[in-house]
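In the working numbering, the protein residues as written are 978 to 1197.
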């Protein structure tokens, strides 16, 4: 479990490709390596990965085919930076929102609007079916960052970054066309899916009733 509060940035120092399998080594800030053991979960750009080897402050992570397909981790190069969050512990403060580290899709940076103390970024979701889960003022995970959704228009949505988020994460350095990892809020998904199922059941029941009964129910 993660909170979406990025604890620091790591730098890719090595990549080993093996077909549909990849191992990348991330150099972590010293504070994030303390008490880290192999087998521990660490979010890389919001994607939950397992630490497979630790040498000093360099940590190895394995990426399988599905991870490479669904996330932006397969597009990293040596020197790339990633957002890092260690797994949350019971009793920790949840400053963002509960996140699983399971990425569902990627989005593309479509527009960037800058001002003195604010950065507004618009993202384009390619799978339009997922837009029903992205709601105005709802939660969303972007490259591991817990953010509040601003405006939503068609298959686009925006977020606003304060200077602290720009400095602490990689999001402030994104350019048009860059891809980011998206994790949806599971509570929002559950509510939307439940309402959809209820509406479909109501519609199915209505279609099974005689016309006279349908009119009577509508009048009630």
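The C-beta atom is built at its ideal place from N, Cα and C for all residues, glycine as well.
Could you check which residue in the options has the C-alpha nearest to that of residue i?
{"i": "residue 939", "options": "1171, 1147 and 1162", "result": "Only positions 978 to 1197 of the chain appear in the structure, and residue 939 is not among them; the question remains open."}
{"i": "residue 1163", "options": "1157, 1049 and 1171", "result": "1171"}
{"i": "residue 1140", "options": "1093, 1000 and 1010", "result": "1093"}
{"i": "residue 1137", "options": "1125, 1145 and 1184", "result": "1125"}
{"i": "residue 1110", "options": "1166, 1185, 1056 and 1052", "result": "1166"}
{"i": "residue 1142", "options": "1017, 1073 and 1009", "result": "1073"}
{"i": "residue 1008", "options": "1183, 1047, 1033 and 1160", "result": "1033"}
{"i": "residue 1013", "options": "999, 1000 and 1031", "result": "1031"}
{"i": "residue 1084", "options": "1053, 1042, 1118 and 1181", "result": "1118"}
{"i": "residue 1000", "options": "1062, 1159, 1054 and 1108", "result": "1054"}
{"i": "residue 1158", "options": "990, 1184, 1100 and 1039", "result": "1100"}
{"i": "residue 1045", "options": "1082, 1010 and 1183", "result": "1082"}
How many whole angstroms separate the CB atoms of residue i and residue j, which I take to be in contact at a CB cut-off of 8 angstroms?
{"i": "residue 1064", "j": "residue 1116", "result": "Wrong, their Cβ atoms sit about 19 angstroms apart, outside the cutoff."}
{"i": "residue 983", "j": "residue 1098", "result": "Between residue 1098 and residue 983 the Cβ distance is about 15 angstroms, and since that is not below 8 angstroms, they are no contact."}
To which residues does DSSP link residue i through a beta bridge?
{"i": "residue 1035", "result": "1004 and 1032"}
{"i": "residue 979", "result": "1076"}
{"i": "residue 1156", "result": "1085"}
{"i": "residue 1129", "result": "1134"}
{"i": "residue 1020", "result": "1025 and 1062"}
{"i": "residue 1123", "result": "1118"}
{"i": "residue 1091", "result": "1096"}
Where do the N-terminal and C-terminal ends of the beta strand (DSSP E) with residue i fall, by residue?
{"i": "residue 994", "result": "985–994"}
{"i": "residue 1116", "result": "1116–1119"}
{"i": "residue 1096", "result": "1096–1102"}
{"i": "residue 1058", "result": "1058–1063"}
Evaluate residue i with the Cβ neighbour count: other Cβ atoms within 10 Å of its Cβ, from every protein chain shown; 16 or more gives buried, anything less gives exposed.
{"i": "residue 1197", "result": "For residue 1197, the pLDDT reaches just 49, beneath the cut-off of 50, and the residue's location in the model is therefore unreliable, although a value from the coordinates is still provided. That one is exposed."}
{"i": "residue 1152", "result": "exposed"}
{"i": "residue 1103", "result": "exposed"}
{"i": "residue 1028", "result": "buried"}
{"i": "residue 1134", "result": "buried"}
{"i": "residue 1192", "result": "Only weak support is given to the placement of residue 1192: the predicted model assigns it a pLDDT of 44, under 50, and the question is left unresolved by the model."}
{"i": "residue 997", "result": "exposed"}
{"i": "residue 1106", "result": "exposed"}
{"i": "residue 1005", "result": "buried"}
{"i": "residue 1036", "result": "buried"}
Looking at the secondary structure, which residues open and close the alpha helix (DSSP H) in which residue i lies?
{"i": "residue 1014", "result": "From DSSP, residue 1014 is part of no alpha helix (DSSP H); its letter is neither H nor E."}
{"i": "residue 1168", "result": "1163–1185"}
{"i": "residue 1141", "result": "1140–1145"}
{"i": "residue 1042", "result": "1042–1047"}
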